[in-house]
Amino acid sequence: MHHLDLTDEQTDALVRELSSTIDNDRFPLSPRIAVLRSILDQLRPESAKAPPPPPRGTKSHHHGADTRDAVNVLVTTLRHQPSTTTDSVRYLQRAEYA
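This is the structure:
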């Protein structure tokens with residue numbers, strides 16, 4: 017295995033080019049991109065591992081504006097469906113205020 021002795025400027029340029037190639041590839045799961053990602057991980061090991069997602073269930077039990085917004089979008093979508101969804105719309109409207 018060969019080790020390259022790159023300056024910081026050269027390393028930054030290589031990281032930029034690899035990142036651009038990876039980000040703009042049509043097939044992000046291809047073996048070629050996997051090899052380029054492993055090279056990129058070696059060039060910047062501190063960011064090789066993405067931070068883990070937050071644990072599930074750590075949010076507050078309070079249903080805030082996000083939940084209301086989602087319900088409103090769903091209700092609006094269902095209103096534009098055939099009349100067979102009328103009962104579903106009424107149910108969701110009641111659920112919104114529960």
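To convert, take the position in the sequence shown, counting from 1, and add 16; that gives the numbering used here.
Glycine is no exception: its CB is placed at the ideal position from the N, C-alpha and C atoms.
Model, not experiment: these values are computed from the prediction.
DSSP state of R42 mapped onto helix, strand, coil: coil
Three-way DSSP call (helix, strand, coil) for T23 in this model: coil
Where the alpha helix (DSSP H) containing R48 begins and where it ends: 47-59
Through-space distance from L30 to P61, alpha-carbon basis: 14 Å
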